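Count along the sequence shown starting at 1, add 11, and that's the number in our numbering.
Where is the CB? At the ideal position from N, CA and C, for every residue including glycine.
These numbers come from a predicted model, not from an experiment.
Scroll down for the structure; my scribbles are underneath it.
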Amino acid sequence: MTSPQIPPDILPRARKIIQPMVGTEDERDALLTEAFYVYDPLLYSIERGGAPKVFAVLCIRKLLDYGCLPNGEHALARLLTTARYDCGVDKHPEIDALNGILNALCNESKVTPKPEVASAMPITSALQTIATPRNERTPTVFISYSHTDTDFAQQLIRDLNAAGHACWIDTSEIKGGDEWIMTIADGIINSYAFVPIVTLKALQSRWVQDEILWAKNKKKLIIPVILENVLDETRFFPLVSYQGVTLFDSDYATALSRLLSYLPAPRLPDVEISPDEVDEIDNETPKPVTISQPRTVPRKLELAYLERLQLEELLNTEKYTAMGGTSEVRRKAEMRAVFELLPMGREREQQPRETRRFENAVDEIQVIRRCVLLGEPGGGKTTTIWKLAADLVERALTDRTAPIPLLVRLGKWTDADQSLPDFIASQLGDLGAYLEPLLSEKRAALLLDGLNEIPASQHKAKYQKVRQFVEANTDLLVVVSCRELDYTIDLGFDKINITPLDPIRIREFVRRYLGEAKGDDLFWKLAGERAADWHRRFMDEIGNKLEQPERVFWTAAQLPEGITWDYWHNNDNTYWHKWLNEREKPSGLMVLARNPYMLLMLTSVYAVEGKLPDNRGQLFAKFVETLLEREGVPDDEHTPLTDGLAKVAYEMQIRRAEADSDGSNALTVLPRAEVESILGERLLYLARSASILSVGDQVRFTHQLLQEYFAAKYMDIEIRAGRLQASDIWKPESWWERTNWEEAAILLAGLYSDDPTPVVLWLMDAQPEIAAQCITRSGVTPPPDQTLLKLRAVWIPRLTDLEGDPDPRARAAVGRALGQLVLSSGEPLDNRRGVSVIVRDGVRLPDIDWVTIPAGVFIYGDDNKDDYPHLARPADRQQITLPAFQISRYPVTYAQFQCFVEAADYNDDRWWEGIPGEEEVFGTVYKTRELSQQRFPFWNHPREMVTWYQAVAFCRWLSDKVGYEITLPTEQQWERAARGTDGRKYPYEGEFDAAKGNTEETGIGQTSAVGIFPNGASLDGVLDMSGNVWEWCANKSKEPDMTDVDDSGALRVLRGGSWNTYPYDARAAFRNNLIPNSRISFSGFRLCCVRAPSL
């Protein structure tokens, strides 16, 4: 085979392409920046002077002499590829042809021709660091070393300087902070070679390993200087394929000589060419072309910023790799999260938009354009932000018109008076000075991470600043991340919830991370022996009948039609319902594993120890121990370090609380000097080495959950000493509001693995909701029923105590506390009449509290028809007569509806007669019997996300069980129960009152436990008829006399308003409608009958 040759006419051919683009020095700088700034600093430093034709010829000659870049691309091909963006399409075939020839040369021989230099002048200037002004930087050799090898590094630098090579070193006192990241990113960009000094200590250094990782990522020339014989060390593996020099078996002078022979020349050789020779190449003068529109933002600053973001993304991905693992393994074991879009659009003239699920958040977010990314702590919000940033960075590096991702951590926005643009600019380094032109050119994408890290006292003002900034930049892509429970002030954006991991995704992750055998072993330890037994039986008996048996087993609410799993083919699905009951009560470890950060910790600990902790507290303790052991922290320093970290974390929490109380700056960070005064320099170094602290001028924990875990350890000390009361943190006048101590309290419960009762009772009066979460979210063994009954006795009276808890938000929080808990028997803790369930003949049934509505005349309808834009208008105001009937005091609760869902005869065709099997809703086809997940899963809240058809089926099922007919109310019955006989606007007397029903103005922001507005009762004592959830009625909207079930899909009536509607909608006469298969988080139903014996 003939080797490829450079055509003799390549100079004039390439010049015709390049010369029109280099008329001015600014144009030359732009072209070289695009082509070489992040590829090779030697080529980027090509002189810009001379006439356009002379510059083009000299530049092309230098690139031909230089040859191939480390990534296998020819240097001239890289320049031509860059020029391709701006020249006309008529030049593209010529560029492609030349690039094919040039790159073939590099493919033929992987050895890069190294330009010779006549004489290398010794370097006498100071070492280059991040502090070296940008305009004084020259191409360098990057020296990577452990601080224990400083003497050797200094000697090597002196000798490299003497040979003409400038050197770049990291002078950061504390590694891993923002300054260090800038040092590595800028240093690697500025280097034409990367020289790690390899010793055992260097291989054990996270910083050296990260520098090697980044140099490999950027395809730099890597020449290891191997000072000690570590060739058999596992950590040497990343360098095994690179040609280096050894000193453990040769003398220094020989090794230095070999190193210098491997290094490129410290500068490009001069190319001598006369004007006559230039003219001989081609006398034709190409027509000038402008490379691009004049740029107000220097491209080199954009590229430097993008490189730093790439490095941060790589380090964030690699940070918690298990001991002995690699970042490549970690990336392959990526968790596949499921996201749920909750669109805005509550206005009355709009139909409610359905929630939608998806996996590819990066693509979806770029379509949605502006959204709030919500999830629980450790749920993957920051990871998702970084994935989006990585995608945007990749595009912006190669496309100068693409938006620059401006990723900022809102936890650093500590100045209450600072504007958002000023804060963003302060986080962008040199690029910050150009924020305004980036915005005006519509070349920015704003990624705001950690809205919850802003202190509560600044939420209102700063949320408003965010909203105003976004509204002023309408074309901006904006993503804001926030803990779901801390998102208390609506920004008006679409919401994207990161849903908890289901068992299928948990198993997928651990198998990829650990391998199939060890991963399966871990998974079944998480799921528990009982789940494993049920799984084996399921797969043996009906698995072969299903297309996706794993998905059905772990996630389906019902078996597919025609499939049963029961005793001796009784068709009652006995086994299936027993498994559903088991599945609803997962092991504590499986509860933890649903959280991505917790799952990563579980997997990391299991990879090292081969066994698992029992709960959150033990998990964090083992995880921290794993991090310390991975970094070789001596055993006798573990306790002093963790005790010191507990004090640091608690101090951060205290400072944050003080900041909230006096409105001063927020603190999730402490000045380095203060942390050093607690830990000392040695322990601070160890904490950063173990990826527990991020250290710069200020110190913060690498993950907020780590801070909260260590704060919990110190809380325990303070509580035991009697120095800390729950009411010190959650003030009685506003105890239901977030204080940033909530996760720490839950982790505190995890320290009590056998029985969290001490923590639960400490919180019982001051913060019921967090007390309940200490039971449900900490992963600990649930407390005994004796403890739960104490909670019931204290909390149920508070639901209707208007004097003790006058703010509805307080009573709603107590309701959520009760609604999370069940006794060991499965009985909901909230056992109020009409809210809970009863058991009759072994069957769980709703405990309905019927209210009798006497026969008689009442005022019906509304004359203000113009106030109903898209809805079916109400009847004229009139008097009508109804016979007596009974209506349920409350809407059907989640616990009550679940009786139907878990019933063995849920799929009995009698309940679904006349109902279509499936129906399209807002572009999505649903099977009618397929249930949507409860949006607010509290047992004492209304069942929402329920269709009209499913409500009808529930009524038919319950009628069969109790022996008399139960239906949905007609809208006439509903309105009579709501407004009484005197024609009142609302169920209560007088004008609208936000304290008497759960509406938008009440501020609860979701459904609430039924019955917590005793002051909002109707004349007959019926509750929750103004707000909470819209309630399905039997009538068709456009044919109100029609109440029969059919498959027409005609709109059905809803009444009463909901938690996210306005006062006008919550009037007793207001009429809404939806298609009957709609399933939304603000619609439910209540029951009606003509005569109901006692259940």
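Boundaries of the beta strand (DSSP E) in which residue i is found, first to last residue
i, result
"GLU558", "Premise fails: GLU558 is in no beta strand (DSSP E) and is neither H nor E."
"ARG1082", "1082–1085"
"GLN890", "889–893"
"GLU1042", "1041–1047"
"LEU525", "That residue, LEU525, is in no beta strand (DSSP E); its alpha helix (DSSP H) goes 514–525."
"ASP505", "505–509"
"PHE205", "202–209"
"GLY845", "From DSSP, GLY845 is part of no beta strand (DSSP E); its letter is neither H nor E."
"PRO416", "415–420"
"ARG1063", "1063–1066"
"PRO857", "854–857"
"SER155", "151–155"
"SER704", "Position check: residue 704 holds Leu in this sequence, whereas Ser was assumed. First-last of the beta strand (DSSP E) with LEU704: 704–706."
"GLN897", "896–899"
"PHE712", "709–712"
Cβ distance (whole Å) where residue i is taken to contact residue j below 8 Å
i, j, result
"GLU105", "ARG24", "7 Å"
"ALA1045", "THR978", "6 Å"
"ILE71", "ARG26", "6 Å"
"LEU694", "PRO651", "6 Å"
"LYS724", "ALA657", "4 Å"
"ILE689", "GLY655", "6 Å"
"SER1094", "LEU1065", "6 Å"
Minimum Cβ-Cβ distance from residue i to chain C less than 7 Å
i, result
"CYS785", "Going by chain labels, chain C is absent from the structure shown, which holds only one protein chain."
Buried/exposed call for residue i, threshold 16 Cβ in 10 Å
i, result
"PHE869", "buried"
"ASP1076", "buried"
"ILE891", "exposed"
"ASN1083", "buried"
"VAL378", "exposed"
"GLU552", "exposed"
"GLY503", "exposed"
"SER10", "Missing from the structure shown is residue 10; the chain here goes from 12 to 1106 and no further."
"VAL477", "buried"
"LEU800", "exposed"
"ARG851", "exposed"
"GLU127", "Low confidence applies to GLU127: its pLDDT is 46, below 50, so where it sits in the model is not reliable, and the reading given next is rough at best. Counting Cβ neighbours within 10 Å, GLU127 comes out exposed, since fewer than 16 surround it."
"GLN889", "exposed"
"TYR975", "exposed"
Bounding residues of the alpha helix (DSSP H) (the contiguous stretch that carries residue i)
i, result
"GLU222", "217–228"
"LEU834", "Looking at the DSSP string, LEU834 is not in any alpha helix (DSSP H), and its letter there is neither H nor E."
"ILE168", "161–173"
"ALA871", "Note on identity: in this sequence residue 871 is Tyr, with Ala being the wrong assignment. Taken as a continuous stretch (DSSP letters only), TYR871 belongs to no alpha helix (DSSP H), being part of the beta strand (DSSP E) at 867–871."
"VAL65", "63–77"
"PHE908", "905–912"
"LEU635", "In the sequence as displayed, the identity of residue 635 is Val instead of Leu. 627–641 is the span of the alpha helix (DSSP H), which, as asked, contains VAL635."
"GLN784", "779–787"
"TRP590", "585–594"
"TRP861", "It is not in any alpha helix (DSSP H) - TRP861 instead sits in the beta strand (DSSP E) that spans 861–864."
Can at least three beta-carbon pairs, one atom from the region 1031–1038 and one from the region 1070–1078, be found at a separation below 8 Å?
yes
Are the region 540–547 and the region 585–593 touching by the rule of at least three beta carbon pairs closer than 8 Å?
yes
In chain order, what are the residue ranges of uninterrupted alpha helix (DSSP H) at least 4 long that sit wholly in the region 934–985?
959–973
Of all the alpha helix (DSSP H) runs that stay within the bounds of the region 364–399, which reach a length of 4 or more residues?
372–379
Does the pairing of the region 919–929 with the region 982–991 give three or more beta-carbon distances under 8 Å?
no
3 or more residues per run - each beta strand (DSSP E) lying fully within the region 436–487
455–460
Which ranges would you report for the beta strand (DSSP E) in the region 13–41 if only whole runs of at least 3 residues count?
none
Taking contact to mean at least 3 C-beta pairs separated by less than 8 Å, is the region 953–960 in contact with the region 989–996?
no
Pairs of beta-carbons, one from the region 784–800 and one from the region 616–634, closer than 8 Å: are there three or more?
yes
Stretch-stretch touch, CB-based, cutoff 8 Å, three pairs: the region 609–627 with the region 506–523
yes
I'd like to know if the region 441–460 and the region 400–420 are in contact, where contact means that at least 3 CB-CB pairs between them fall below 8 Å.
yes
Taking contact to mean 3 or more Cβ pairs, one atom from each stretch, closer than 8 Å, check whether the region 1045–1054 and the region 1005–1019 are in contact.
no
Does the structure place the region 193–207 close enough to the region 225–233 that three or more beta carbon pairs sit under 8 Å?
yes
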